[in-house]
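A quick write-up on the structure given underneath.
Numbering (this note's numbering), first residue to last: 774 to 1070.
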């Protein structure tokens, strides 16, 4: 049988069953619209959470009488300690200039610079910040912490701030991941159920074809093509609406609100390709799976 025959039968079936076909297409359209909005939101939220997690630091304060040799030795040690990532040195002069810029009136009253030389160490993974602190200042027998180098005065990891950041970002990432899974599952079930209802209205047609000797493949192929066409149409319309919404609403706001332009999210062409592929694939799979019940005559 020529492929053109199956394509012709699929379009004929769409025209004969306009209402169920429109319902299936509308279901795909709404689902793709929701996915098209939700995917960049998840990316932006997760990216913001990762950016905040990247600010988790361990501050290594040196003693006031630390020499240049002490600074070089500590820096070399920090670059090889377990769980250490980026190591940034901030001299007491740099720290004084930064703090004076933030609060000039208070620092004008100081006669001398009270700030120490500092190393800001970023852990290789935000979750390893406590391990990094313990590596630089292990717990002593007395219960306090003893730095691993005599030139180090204190090792601090901003415990309260770090705990809040790690907890909040972990909750955000888990929530976004859970919502994404739920939305994908709900989308598949919604599209499959809509296609199932469309096929139910034509169950007599399928039964008659089975009774006259048509094979399962012969019956299934036009329905799968129909699902692909309806899914593609719904996906294309949804992508066009998303494109119009981006150009008409989002792009003008990006120049006025830096928060909207800051997150790095998936580009519209790649997002459109993924959404179109998903709409076609899910619709075709839904058509094929939903036919199983009606092919048992």
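Every residue gets a Cβ at the ideal spot worked out from N, C-alpha and C, and that includes glycine.
- Out of 872, 1003, 805, 780, the CA that lies nearest to the CA of residue 887 is found in 872.
- Around the C-beta of residue 919, fewer than 16 other C-beta atoms lie within 10 Å, and the residue is accordingly described as exposed.
- At a cut-off of 4 residues, the continuous stretches assigned as alpha helix (DSSP H) that sit fully inside the region 975-1026 are 976-984, 989-1018.
- DSSP places residue 927 within a strand segment (E or B) once states are collapsed to three.
- In the DSSP secondary-structure assignment, residue 857 is bridged to 896.
- In the structure shown, residue 918 falls within a strand segment according to DSSP collapsed to helix, strand and coil.
- In this structure, the straight-line span from the alpha carbon of residue 843 to that of residue 950 is close to 46 Å.
- With a cutoff of 8 Å on beta-carbon distance, residue 779 and residue 995 are scored as near each other.
- In its chain, beyond the 5 residues on either side, 811, 815 have a beta carbon closer than 8 Å to the beta carbon of residue 952.
- A residue is called buried once 16 or more other Cβ atoms fall within 10 Å of its Cβ, and residue 954, having fewer, is exposed.
- Under DSSP, the beta-bridge partners assigned to residue 832 are 893, 929.
- Where residue 845 is concerned, the enclosing alpha helix (DSSP H) starts and stops at 841-851.
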